[in-house]
Amino acid sequence: MIFSVMGFNPGKDELVYEQSFDLSVADLTPIMHWVDASDCIGVDFPLSKTQAAKIADLASIELPQNLDFFLSSHD
């Protein structure tokens, strides 16, 4: 499973940022509060500022400021 953080300007539908990273479902489960490993499949999850910051820290990536972030996954 490959995960990405996608960023959008608030109120807009145009993707302005995307960063893939190497974290597992197990790494993300405590941050995303998933109950089952399959909970991450097929949905783009809106991220709170806290969730986005925790993912960025764990994945050692830097996120731009003032965007709305979503977590996406694909094979």
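Be aware that the sequence shown starts at 303, since it is given in this note's numbering, and climbs by one per residue.
Glycine residues also receive a C-beta, built at the ideal position from the N, C-alpha and C atoms.
Practice task
Look up residue 346 in the DSSP assignment and say whether it is helix, strand or coil.
Solution key: Looking at residue 346 - three-state DSSP - the assignment turns out to be coil, as it is neither helix nor strand.
Handout entry: Euclidean distance between Cα positions of residue 339 and residue 352
Key = Residue 339 and residue 352 have their alpha carbons spaced roughly 21 Å apart.
Handout entry: Under the three-state DSSP convention, the category residue 327 falls into
Key = Three-state DSSP puts residue 327 in a helix.
Practice task
Could you check if residue 357 is buried or exposed, using at least 16 other CB atoms within 10 Å of its CB as the buried criterion?
Solution key: When all chains shown are included, residue 357 counts as buried.
Exercise for the section: Assuming residue 325 contacts residue 360 (C-beta within less than 8 Å), just tell me the rounded distance between them. Expected result: Going by Cβ atoms, the distance from residue 325 to residue 360 rounds to 6 Å, so yes, they are a contact pair.
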